[in-house]
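Since the structure comes first, as structure tokens, the remarks are kept for the end.
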Ligand code: SF4
């Protein structure tokens, strides 16, 4: 049966001013005319989805890399092609990830005029020592200025990114960062735990010099920081809705919820993943290959119950019986329920006859718990 639910459109912009030491995203510092050639390739890829009856979408998300780094004109140009190819809802959520160092008032005004209505800004921490330790160049005052400029340009849906488990981070410094976000007037906060990904300079340094030399908090302290952040954000009106995401009422990211609900989306650009017409596929991470038009790589069929359950258990809403039965038939919810009852861990798993979800403590062990629940 054809999936008629509206899609999300993801657009990857793989350019940054410099490379952060912990980053394993597909991003490079651009040289020559690569940015303009990339925009052309992106638009050509979008055009492949042009149909007589346009594909309907209700979210568009420009991620990266640093989308703001290529400037408002290019972002508006890409969005205009996306709007031409797809049927985008008039109230669609349209997000651009931005770095405060590549934004100004004019940039936000231009973005707003071209149809963007949500901004996601990278802050990571208000502590200069913590930010410098991971190679972030932006200052807290630049972030504050960027939020104020976005608000002046009438963006009323702004997200800030924080990081947990940074070198030198303490509960007090994290509290300061959260207070900063709450006072800045944003509606959404993402708070990700710093991970050492293989192949990054951060990973190599950690292996050579050890965690102590970097003043990294130990595993228990990182768990404490996470639980503190989740509780403290709640007191500031940011309700947790996903392992790492918190929002004021009505401001959960509609685009990202598509991933966690196992709904379909189309990814454009180098390294972008898609789940479309029941199939998962992705583009090469190699930007030169992408520019020469390499074909997407097939990644299997998507959308089965296991995948849905794994994704939904990241949400505080968890798995609901009625939704599961509607989508996958009877018996699946009961299987998870039986395993949840066997685990008998009320500190980690919340069980009712109609819903199963993880607690904040449970989120810290989500990989293990989800595997157990699906066994
Ligand atoms: S700004 Fe973001 S995408 Fe760019 S290098 Fe840093 S972490 Fe990676």
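Numbering (our numbering), first residue to last: 1 to 375.
Ideal placement from N, C-alpha and C gives every residue a C-beta, glycine not left out.
In this text the structure is predicted, and so the values were computed from the model without any measurement.
Mind checking whether residue i and residue j have CB atoms under 8 angstroms apart?
{"i": "residue 21", "j": "residue 134", "result": "yes"}
{"i": "residue 189", "j": "residue 222", "result": "no"}
{"i": "residue 252", "j": "residue 241", "result": "yes"}
{"i": "residue 355", "j": "residue 318", "result": "yes"}
{"i": "residue 162", "j": "residue 123", "result": "yes"}
{"i": "residue 328", "j": "residue 305", "result": "yes"}
{"i": "residue 147", "j": "residue 184", "result": "yes"}
{"i": "residue 114", "j": "residue 79", "result": "yes"}
{"i": "residue 17", "j": "residue 29", "result": "yes"}
{"i": "residue 117", "j": "residue 62", "result": "no"}
{"i": "residue 64", "j": "residue 107", "result": "no"}
{"i": "residue 366", "j": "residue 266", "result": "no"}
{"i": "residue 105", "j": "residue 66", "result": "no"}
Excluding sequence positions up to five away, which residues of its chain have a Cβ less than 8 angstroms from the Cβ of residue i?
{"i": "residue 145", "result": "100"}
{"i": "residue 297", "result": "281, 282, 283 and 284"}
Grouping DSSP H, G and I as helix and E and B as strand, with all else coil, what is residue i?
{"i": "residue 175", "result": "helix"}
{"i": "residue 76", "result": "helix"}
{"i": "residue 10", "result": "strand"}
{"i": "residue 195", "result": "coil"}
{"i": "residue 249", "result": "coil"}
{"i": "residue 233", "result": "helix"}
{"i": "residue 43", "result": "helix"}
{"i": "residue 241", "result": "strand"}
{"i": "residue 339", "result": "helix"}
{"i": "residue 228", "result": "helix"}
{"i": "residue 150", "result": "helix"}
{"i": "residue 124", "result": "strand"}
{"i": "residue 21", "result": "coil"}
{"i": "residue 213", "result": "helix"}
{"i": "residue 49", "result": "coil"}
Might you give, ordered along the chain, the residues of its own chain that have their beta carbon closer than 7 angstroms to the beta carbon of residue i, omitting 5 neighbours on each side?
{"i": "residue 24", "result": "197, 199 and 200"}
{"i": "residue 340", "result": "349, 351, 356 and 373"}
{"i": "residue 46", "result": "81, 82, 85 and 268"}
State yes or no: is the C-beta of residue i nearer than 7 angstroms to some heavy atom of ligand 1?
{"i": "residue 19", "result": "yes"}
{"i": "residue 99", "result": "yes"}
{"i": "residue 25", "result": "yes"}
{"i": "residue 16", "result": "yes"}
{"i": "residue 35", "result": "no"}
{"i": "residue 165", "result": "no"}
{"i": "residue 66", "result": "yes"}
{"i": "residue 318", "result": "no"}
{"i": "residue 115", "result": "no"}
{"i": "residue 122", "result": "yes"}
I'd like the list of long-range same chain contacts for residue i, defined as Cβ closer than 6 angstroms, with 5 residues on each side in sequence excluded.
{"i": "residue 109", "result": "153"}
{"i": "residue 131", "result": "124 and 125"}
Could you tell me whether the region 287-298 touches the region 88-98, where touching means 3 or more Cβ pairs closer than 8 angstroms? no
Is it a yes or a no for the region 43-55 touching the region 300-317, going by three-plus beta-carbon pairs under 8 angstroms? no
How do the region 78-86 and the region 6-16 stand: do at least 3 beta-carbon pairs fall below 8 angstroms, yes or no? Counting C-beta pairs closer than 8 angstroms gives three or more between the region 78-86 and the region 6-16, which meets the contact rule.
Taking contact to mean 3 or more Cβ pairs, one atom from each stretch, closer than 8 angstroms, check whether the region 121-137 and the region 175-189 are in contact. yes
Determine contact between the region 267-277 and the region 210-222, defined as no fewer than three beta-carbon pairs at a distance below 8 angstroms. no
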